[in-house]
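S.K.: First to last, the protein sequences are chains A and B. Per full-length UniProt numbering, residue 1 is the first one in the first sequence, and the count goes up by one each step. Per full-length UniProt numbering, residue 1 is the first one in the second sequence, and the count goes up by one each step.
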Amino acid sequence: MVTAIPSDTDLRRRAWEAASQVVDPEIPVLTIADLGVLRDVEVHDGRVEVAITPTYSGCPAMNMIALEIELALERAGMPRPTVRTVLSPAWTTDWMSDDGRNKLREYGIAPPQASHSRRALFGEQQVACPQCGSGNTELLSEFGSTSCKALWRCKACREPFDYFKCH
Amino acid sequence: MAAINIQVSETPLVLYTLRRADDALILGHRLSEWCGHAPMLEEDMALANMGLDLLGQARELYSYAAKVEGRGNDEDKFAYLRDVRQYRNLLLLEQPNGDFARTMVRQFFYAAFADLYWRAMMRSTDATLAAIAAKSEKESAYHVRHCSEWIVRLGDGTEESHRRTQGAVDELWAFTGEMFEVDDSERGLIDGGIAIDPATLRPQWLKTVSDIVREATLVLPDNNWMQQGGRSGRHSEHLGHLLSELQSMQRTFPGATW
């Protein structure tokens, strides 16, 4: 009997594909690829190892994400995959894809602004309302419903909304 | 069954890492005590969020200490199976929450330091500590801004909020000196570029703190006598009570998991 053994490159591609479908449990419109949390996929002796990076140090979604990746890879026929956490380089919202930003906005969360410098953290922020697009908005709380979000309110349409903080 | 504490082999790097891990865990636990009790919903979430950031930092630091030590300890054992005298956190961070003003002053004194500290530690020659620093400094930047706003609002607020905030500044001031302390075991790490000398951060810290305190119409005490002991395990009576709650599950049902 002859069985085609997939090459490592092929396996890696399929593993990336499967892992990149995993979504953030707290923001289910975003995949971990959109977020930039999925950093790398390696194949060692036919076994897959996925590297992810945490968004915030204490983000409780990370354990869930690691478990979901393992399940996704098992379902895709890759036995006993492992997930490794890498800290460096530190995750930044700049890694979020444009597609991810659009999906966030459609979901009702204002996407993070590009933060090329640390000073952006301290500047006066202008965040557009994801509902009506108005720039006439105000910060209600720097800390929102999850570590990565702040709570804002639109003064034009009066809707409160989440803002994905730049980091 | 008698409570069993782990033994820790405190080489300089293990001790150094544990001290910072304990800082983050103990302050994070204090903040978690506010959950459901803060003056308003937004602040309840803010305190829990900051506590979560600190807990995350503690986990990374404990895991690294465990790896460096290499004796089979892990983050849970460090957190749940050491007694008061084995904890190495700053005395400031174990002080009780008191009222909201006191919690904010404690957080402000520490965050203003932590923000400078983590930024400086990004240059550590130890790759893991530098990586943890790069994550933590983004978080501490938010913490220091949040607390600064509260200090100004409370100090320059009503007569009562001013009185309470000034009282907290006066009481907690003597615990701030410990942040800038260095002992022999850390001196070697500083010389090797693994750690930074915290004394070099003091002028900038004092400027940040003085500026905000002045804006808040408060004053810093003249008294420069400082408390010390946390780094070597000599704690105030408050830490034991904190640990009895933090560790109660593992002490009652050793090895329990779910």
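Note that the Cβ used here is the ideal one computed from N, Cα and C, for glycine as well.
Would you kindly work out how many angstroms separate the C-alpha atoms of leucine 243 of chain B and threonine 92 of chain A, rounded to a whole number?
M.R.: Whole-angstrom Cα-Cα distance: 35 angstroms.
S.K.: When you measure from the CB of lysine 135 of chain B to every non-hydrogen atom of the ligand ZN, does any distance come out below 8 angstroms?
M.R.: This structure simply doesn't include the ligand ZN, nor any ligand for that matter.
S.K.: By the criterion of Cβ-Cβ separation under 8 angstroms, what are the contact partners of alanine 90 of chain A in chain B?
M.R.: By Cβ distance, chain B contributes Ala131, Ala134, Lys135, Lys138.
S.K.: What number of angstroms, rounded off, separates the C-alpha of alanine 65 of chain B from the C-alpha of asparagine 136 of chain A?
M.R.: When rounded, the distance between both Cα atoms is 48 angstroms.
S.K.: Candidates B:Ile190, B:Arg85, B:Phe108, B:Val14: which alpha carbon is nearest arginine 71 of chain B's?
M.R.: Of the listed residues, the one whose Cα sits closest to arginine 71 of chain B is B:Val14.
S.K.: Around the C-beta of glutamate 245 of chain B, are 16 or more other C-beta atoms found within 10 angstroms, so that it is buried, or is it exposed?
M.R.: Exposed, because fewer than 16 other Cβ atoms sit within 10 Å of the Cβ of glutamate 245 of chain B.
S.K.: Give every residue of the same chain whose Cβ lies closer than 8 angstroms to the Cβ of alanine 15 of chain A, excluding the five residues on either side of it in the sequence, and list them in chain order.
M.R.: These residues qualify, in order along the chain: Val41, Val43, Val48, Val50, Leu73, Ala76, Met78, Pro81.
S.K.: Is the beta carbon of cysteine 148 of chain A less than 9 angstroms from the beta carbon of glycine 56 of chain B?
M.R.: Cβ atoms of cysteine 148 of chain A and glycine 56 of chain B: not closer than 9 angstroms.
S.K.: Can you grab the Cα-Cα spacing for the pair arginine 145 of chain B / methionine 50 of chain B, in whole Å?
M.R.: When rounded, the distance between both Cα atoms is 12 angstroms.
S.K.: Which residue comes first and which comes last in the beta strand (DSSP E) that contains aspartate 40 of chain A?
M.R.: Aspartate 40 of chain A -> beta strand (DSSP E) spans 38-44.
S.K.: To be precise: take each residue of the stretch 49-68 of chain B, compare its Cβ to all Cβ atoms of chain A, and keep it if any distance is under 9 angstroms. Which residues remain?
M.R.: Residues passing the 9 angstroms Cβ filter: Asn49, Met50, Gly51, Leu52, Asp53, Leu54, Leu55, Gly56, Gln57, Ala58, Arg59, Glu60.
S.K.: Just checking my contact of leucine 81 of chain B with isoleucine 4 of chain B at CB under 8 angstroms: how many whole Å lie between their CB atoms?
M.R.: Yes, they are in contact, since the Cβ atoms of leucine 81 of chain B and isoleucine 4 of chain B sit about 7 angstroms apart, within 8 angstroms.
S.K.: Between the alpha carbons of alanine 66 of chain A and proline 25 of chain A, how many angstroms are there, rounded?
M.R.: Distance between the alpha carbons of alanine 66 of chain A and proline 25 of chain A: 11 angstroms.
S.K.: Identify which residue in A:Leu30, A:Ser145, A:Ser7, A:Arg39 has its Cα closest to the Cα of valine 86 of chain A.
M.R.: If we check each option's Cα against that of valine 86 of chain A, A:Arg39 comes out closest.
S.K.: Per DSSP, which one or two residues make a beta bridge with aspartate 24 of chain A?
M.R.: Bridge partners of aspartate 24 of chain A: A:Ile27.
S.K.: Can you check whether the C-beta of glutamate 43 of chain B is within less than 9 angstroms of a C-beta belonging to chain A?
M.R.: Closer than 9 angstroms to some Cβ of chain A, the Cβ of glutamate 43 of chain B qualifies, so yes.
S.K.: Can at least three beta-carbon pairs, one atom from the stretch 94-108 of chain B and one from the stretch 188-195 of chain B, be found at a separation below 8 angstroms?
M.R.: No: fewer than three Cβ pairs fall under 8 angstroms.
S.K.: Roughly how many whole angstroms lie between the Cα atoms of alanine 199 of chain B and glutamate 181 of chain B?
M.R.: Distance between the alpha carbons of alanine 199 of chain B and glutamate 181 of chain B: 7 angstroms.
S.K.: So, is phenylalanine 161 of chain A buried or exposed, given that buried needs 16 or more other C-beta atoms within 10 angstroms?
M.R.: Buried.
S.K.: According to a CB-to-CB cut-off of less than 9 angstroms, which residues of the stretch 67-97 of chain B neighbour chain A?
M.R.: Listed in sequence order: no entries.
S.K.: Tell me the residue span of the alpha helix (DSSP H) that contains arginine 88 of chain B.
M.R.: Premise fails: arginine 88 of chain B is in no alpha helix (DSSP H) and is neither H nor E.
S.K.: Since alanine 128 of chain A and alanine 156 of chain A should fall inside the 8 angstroms C-beta cutoff, what is the C-beta to C-beta distance between them, to a whole number of angstroms?
M.R.: At roughly 10 angstroms, the Cβ-Cβ gap does not stay under 8 angstroms, so alanine 128 of chain A and alanine 156 of chain A are not in contact.
S.K.: Leaving out the 5 sequence neighbours to the left and right, which residues in its chain are closer than 6 angstroms to glycine 177 of chain B when beta-carbon positions are compared?
M.R.: Cβ neighbours of glycine 177 of chain B beyond the five flanking positions: Met226.
S.K.: Counting only Cβ pairs nearer than 7 angstroms, list the residues of chain B close to histidine 44 of chain A.
M.R.: Under the 7 angstroms cutoff, chain B gives no residues; its nearest Cβ is about 20 angstroms from histidine 44 of chain A.
S.K.: Taking 6 angstroms as the limit between beta carbons, can you name the residues of its chain near glutamate 137 of chain B, skipping five residues before and five after?
M.R.: Excluding residues within five positions, the ones whose Cβ falls inside 6 angstroms are Trp118, Arg119.
S.K.: Identify the contact partners of alanine 114 of chain B in chain A, using a Cβ-Cβ distance below 8 angstroms as the criterion.
M.R.: Correct list: empty, because the minimum Cβ distance to chain A is about 12 angstroms.
S.K.: With a 10 Å radius around its C-beta and 16 neighbouring C-beta atoms as the bar for buried, classify arginine 20 of chain B as buried or exposed.
M.R.: Buried: at least 16 other Cβ atoms inside 10 Å.
S.K.: The beta strand (DSSP E) with valine 50 of chain A in it runs from where to where?
M.R.: Start and end: 47-52.
S.K.: Distance check for aspartate 23 of chain B and arginine 153 of chain B, CA to CA, integer angstroms please.
M.R.: Taking the straight line from one Cα to the other gives about 27 angstroms.
S.K.: Between which two residues does the beta strand (DSSP E) containing alanine 150 of chain A stretch?
M.R.: From DSSP, the beta strand (DSSP E) with alanine 150 of chain A extends over 149-154.
S.K.: I'd like the list of long-range same chain contacts for glutamate 142 of chain A, defined as Cβ closer than 7 angstroms, with 5 residues on each side in sequence excluded.
M.R.: If we look at glutamate 142 of chain A and ignore the five residues flanking it on each side, its Cβ neighbours are Ala150.
S.K.: Can you confirm whether leucine 140 of chain A, when its beta carbon is compared against all beta carbons of chain B, has any partner nearer than 9 angstroms?
M.R.: Cβ-Cβ to chain B under 9 angstroms: yes for leucine 140 of chain A.
S.K.: Considering Cα atoms alone, identify which of B:Asn73, B:Arg106, B:Lys77 is closest to phenylalanine 175 of chain B.
M.R.: Checking every option, the nearest Cα to that of phenylalanine 175 of chain B belongs to B:Arg106.
S.K.: Against tyrosine 142 of chain B, what residues of chain A qualify as contacts under a CB-to-CB distance less than 7 angstroms, listed in chain order?
M.R.: Correct list: Glu142.
S.K.: Quick check: the Cα distance between glutamate 159 of chain A and tryptophan 150 of chain B, rounded to an integer number of angstroms?
M.R.: Whole-angstrom Cα-Cα distance: 26 angstroms.
S.K.: Can you check whether the C-beta of arginine 118 of chain A is within less than 9 angstroms of a C-beta belonging to chain B?
M.R.: Only weak support is given to the placement of arginine 118 of chain A: the predicted model assigns it a pLDDT of 47, under 50, and the value that follows is read from those uncertain coordinates. Closer than 9 angstroms to some Cβ of chain B, the Cβ of arginine 118 of chain A qualifies, so yes.
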